[in-house]
Every structure is written in C-alpha cells, then in structure tokens.
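Residue numbers (this note's numbering): 2 to 225. Have a look at the structure below, then the notes.
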C-alpha cells in the first residue's frame, strides 16, 4: 500500500466501520487521528493492522476527564511501510473503569495496559498481568487520577524540615551550595493583578510556605 492508497483507505473507513470518524489527517506531517466508539476499537485495529500495515503499537496513553466521568484512551499506531502515525481515540466510563485488552493483537499492549492500570485504576480484561508494576508499596488511589491530591499526600507523608543530611551540612559548612530565595521556591504561587505580580503561597503543610522554607534555608546556612 502506498500513500495514495492509504489516503483512499482512510477516507473509506467510516463507511466500513460504523461510528469511526477521521477527525484529522495530514500525510505530510505523518499524523492521522480517528475517534470511534469503544466497542469498535478491536474491529478498527484488526483492519488497520491487517490492511494498512500499522503493525507497531507505539504507546497507549490515558486522559482522565473527571468532569465527564470518563477516561480517554489513545492508541498510537505506526506503519513502517507508510511512515505514518494513527492515533485512535476512545472513551470509557470511569465507573467501573474497565475495558478489554488488545494484547492478542499487539503484544506491547501488555506493558502499556499494566502501567495505565497502576496509574489510573483502569482494569483491562484479558491482559496478561494487572499486578503492581512500579508502585509496589502504593496503597492509595492511583496517583494519576484527577481526584488524587498531591499536596495532601506530601503533607501526610513527608516533613521537609527533617531533611538535613550530613552531606548537605558539610557542603554548607564549607561555604558551598545554592540557596533559593523564598519567593522563588516551587511551592509559591505568582498571581497577576492590576498592580503587578502578587506572591501567594499554598498552605500545603499547615503553616506559611515562605516562612517555612526560609527557616529551612536558615538551618542549612547554620542559623536557627
């Protein structure tokens, strides 16, 4: 299949598989997007792999549309013969958060599905392994879900004031190291106003962030 044949194939796919919509296609940039119902994905993948030589699954990505109550799954497929990428987009419900594995069609899906399950909690039926992968000691909600509060997690699990390792003490004692001014700390928030930039601070630990970080800097300098 050449590019002209692929262009014709892509233009006709919505007539062959109900619900498939080619929402973007730029052969010069090698980018093509299709949106389709979740129950048509396997049928589409069988066609695009068997007929149009998209034999490589580059990735499966996930987007949490919490306000819509849905996950968006994006299947990135590459054709070495055509040098083209197809991104197939589907939506599935967040509750119960289940979908079918495509491991039988693309073996790399086993890794991507396991990663998505761990990070988003989406379960893939038929996948070879849905056990924990990287977060082996994680017991909270999947950390990439929108309802996960990263600041609350940091507050409950870490104390930045207790972090004062020996190597840092030695470095500061020798006059080395870099101390970041409080207003430039990553926990501060800059808000544009009519009168310029107003520095606001997130109360992530039960106290004023700027004063807390200043105390840390002072401690590293050998102060109180």
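Every residue gets a Cβ at the ideal spot worked out from N, C-alpha and C, and that includes glycine.
Quick one: what's got a C-beta closer than 8 Å to residue i's C-beta in the same chain, skipping five residues either side?
i	result
residue 47	106
residue 43	101, 103 and 106
residue 63	72, 73, 74, 75, 117, 120, 121, 123 and 145
residue 15	21, 22 and 23
For my contact list, residue i and residue j are in at a C-beta cut-off of 8 Å; report their separation, rounded to the angstrom.
i	j	result
residue 102	residue 127	4 Å
residue 95	residue 72	6 Å
residue 91	residue 25	That belief does not hold up - the Cβ atoms of residue 91 and residue 25 are roughly 16 Å apart, past 8 Å.
residue 115	residue 131	6 Å
With the cut-off set at 8 Å, would you say residue i and residue j are in Cβ contact?
i	j	result
residue 35	residue 52	no
residue 83	residue 134	no
residue 31	residue 86	yes
residue 262	residue 77	Any answer about residue 262 is impossible in this case: the structure gives the chain only from 2 up to 225.
residue 100	residue 136	no
residue 70	residue 41	no
residue 148	residue 67	yes
residue 9	residue 45	no
residue 33	residue 11	yes
Ignore the nearest five residues each way along the sequence and tell me which others in residue i's own chain have a CB closer than 7 Å to its CB.
i	result
residue 110	58, 61, 102, 103 and 104
Report all residues from its chain with a CB closer than 6 Å to the CB of residue i; omit the five preceding and five following residues, and keep chain order.
i	result
residue 142	149
residue 18	41, 44 and 45
> Which ranges would you report for the beta strand (DSSP E) in the segment 118-159 if only whole runs of at least 3 residues count?
Replying inline: Runs of the beta strand (DSSP E) lying entirely within the segment 118-159, each at least 3 residues long, are 124-126 in chain order.
>> To test your reading of the DSSP string, which unbroken beta strand (DSSP E) runs of 3 or more residues are found completely within the segment 25-83?
In response: 32-36, 57-66 and 71-80
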